[in-house]
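In my numbering, the protein residues as written are 368 to 450. Even for Gly, the Cβ is constructed at its ideal location relative to N, Cα and C. Presented below is the structure to which this report refers.
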């Protein structure tokens, strides 16, 4: 299933703050996410947003809306992701 990926303003700010190498890895992972959910995606329990994508030391927290749109809320280091 094809998805469209949208970034909330906070996620855009998070992405700009990453080092160039890490930002490139995250952007590539988001590009691959448009083709479908990968094995690095997990559904979170009792947490909002509902899904997370693991990209090295970083976590992309997102939700799926309207069965075709992925809305990214945050891109944070794993130690800060679930607080």
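In the DSSP assignment, residue 398 falls within the alpha helix (DSSP H) that extends over 387-400. Within the same chain, and ignoring the five residues on either side of residue 390 in sequence, the residues whose Cβ sits closer than 7 angstroms to its Cβ are 382. For residue 379, there are no CB contacts under 6 angstroms within the same chain when 5 residues up- and downstream are skipped. Closest in alpha carbon position to residue 449, among 421, 435, 432 and 436, is 421.
In the structure shown, residue 412 adopts coil according to DSSP, grouped into three states. By a beta-carbon distance limit of 8 angstroms, residue 427 contacts residue 397. Their separation comes to about 7 angstroms.
The beta carbons of residue 441 and residue 377 sit about 6 angstroms from each other, so the pair counts as a contact at 8 angstroms.
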